[in-house]
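Okay, structure first, notes after.
Residue numbers (the working numbering): 20 to 457.
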């Protein structure tokens, strides 16, 4: 990971008063917040059954700050507006997309008016323009006297937002804090992974044979008149979270039944199938929320590799060890899935889903939060699947990634999908479409 922090981080103010160094060893998260340190975690700390504003009220109560729901809602909207976000303060967290939940986490942390702000991959679900606006806010917070620690795998963010950068690998500081300008991106990338990354490129192998065909689909806010994914093709779906991608993901994987329309895979309508039937039809699924939809943390890795692929009488996958080794997963078959890092957990999901050569892979934010080496390996595996004739529907908020891997790109905006963008891609045109522009 690259850890970038503000110029004031070297004399961070913890707990108010005149800037000075002093011991800091909080006994609990509540004490940390009370002393002016807040964290935006990569994994959400929200209550799923509560609405957005009540999550803020709960966080305020932990700080012994009590306000009315009306006041809290107004404060939340004002802060969201300042950051350039929109938020439905009455929506339950469970009904929010992953991106909307992450934005709520950001807003909740900033509501505490922290002096030290710790951010773990905060822009993972934002477009470039939104990320730039957010990073500009972070710069202002630092210039106002706050210390900001940005934990990110995105080297562009380090260059744009940070004053100094340190690199951690496997829990060890391999490169101590130094001015950002003292290192090139190539040097930072090498320090992060310990070796150069192999290139990831895409030469189209589309055969023109339809694998997935969506017709007249209506599912919540999503409307798709027609969408086709061919064998050997990577179709990228770009867009800021909350524009219909979640509905597309759930409809394609039979987790919700559409209001109307058809989704055909190999000529058969798969709408409303049981997940086991979905697997039998050749639909593999790498979900946007692996903790909720892909893995059972309290189960062993070999059990997770067998989910949906065997009967209840034969739970464990005897080839689990070999498959985990092939994917360079740091762990053993008998280890619990929750013990894996984010990158290793995602590779475990991919190892299960790509096993047996399905017809189509629905990959939703597949590299979100992964280190460069893990992200590169996952991209290469999905592209190799397409090269073998598989179809890939790749949903991502990371435009740069889609520009690199996709054969075609459509943009989701307000529940509608744009016409296809074809290579060579015009980055500006695709970027404008993300915001509904022409």
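Virtual Cβ for every residue (Gly too), placed ideally from N, Cα, C.
Which of helix, strand or coil DSSP assigns to residue i
i           : result
residue 157 : helix
residue 290 : coil
residue 459 : Outside the modelled stretch of the chain, which goes from 20 to 457, sits residue 459, for which no answer is possible.
residue 416 : coil
residue 300 : coil
residue 200 : helix
residue 446 : helix
residue 425 : coil
residue 42  : coil
residue 440 : strand
residue 359 : coil
residue 273 : coil
residue 332 : Confidence at residue 332 is low in this model, with a pLDDT of 49, below 50, so the placement of that residue is unreliable and no value is reported for it.
residue 400 : helix
residue 78  : helix
residue 232 : strand
residue 52  : helix
residue 323 : helix
residue 279 : strand
residue 340 : helix
residue 244 : strand
residue 139 : strand
residue 65  : coil
residue 315 : coil
residue 386 : coil
residue 352 : coil
residue 90  : helix
residue 108 : coil
residue 169 : strand
residue 371 : helix
residue 195 : strand
residue 257 : strand
residue 435 : strand
Short Cβ contact (7 Å threshold) for residue i with residue j
i           : j           : result
residue 430 : residue 439 : no
residue 61  : residue 140 : yes
residue 305 : residue 368 : yes
residue 414 : residue 383 : yes
residue 408 : residue 251 : yes
residue 234 : residue 280 : yes
residue 238 : residue 208 : no
residue 260 : residue 114 : no
residue 327 : residue 378 : no
residue 425 : residue 437 : no
residue 92  : residue 108 : yes
residue 95  : residue 136 : no
residue 339 : residue 355 : no
Local Cβ density within 10 Å of residue i, reported as buried at 16 or more and exposed below that
i           : result
residue 172 : buried
residue 205 : exposed
residue 274 : exposed
residue 191 : exposed
residue 128 : buried
residue 292 : buried
residue 272 : buried
residue 89  : exposed
residue 46  : exposed
residue 332 : In this prediction, residue 332 scores a pLDDT of 49, lower than 50, which makes its location untrustworthy; no coordinate-derived value is stated.
residue 381 : buried
residue 48  : exposed
residue 449 : buried
residue 231 : buried
residue 50  : exposed
residue 83  : exposed
residue 81  : exposed
residue 100 : exposed
residue 352 : buried
Cβ distance (whole Å) where residue i is taken to contact residue j below 8 Å
i           : j           : result
residue 178 : residue 199 : 6 Å
residue 59  : residue 134 : Wrong, their Cβ atoms sit about 15 Å apart, outside the cutoff.
residue 186 : residue 210 : 4 Å
residue 373 : residue 299 : So it is not a contact: roughly 16 Å between Cβ atoms.
residue 175 : residue 196 : At roughly 19 Å, the Cβ-Cβ gap does not stay under 8 Å, so residue 175 and residue 196 are not in contact.
residue 365 : residue 397 : 7 Å
Contact test: residue i Cβ vs the ligand FMN heavy atom, cutoff 6 Å
i           : result
residue 235 : For the ligand FMN, the structure offers nothing, since it holds no ligand at all.
Inspect the CB distances between the stretch 357-376 and the stretch 310-322 and report whether three or more fall short of 8 Å.
Taking 8 Å as the limit for Cβ pairs, the verdict is that the stretch 310-322 does touch the stretch 357-376.
Stretch pair the stretch 401-410 + the stretch 73-81: three plus CB contacts closer than 8 Å
They do not touch, by the three-pair rule.
Cβ pair count under 8 Å reaching 3, the stretch 149-164 against the stretch 86-105:
Touching, yes, given that three or more Cβ pairs across the two stretches are closer than 8 Å.
Tell me, please, whether the stretch 254-261 touches the stretch 282-302 by the rule of three or more beta-carbon pairs shorter than 8 Å.
Two segments are said to touch when three or more pairs of C-beta atoms, one from each, lie closer than 8 Å; by this definition the stretch 254-261 does not touch the stretch 282-302.
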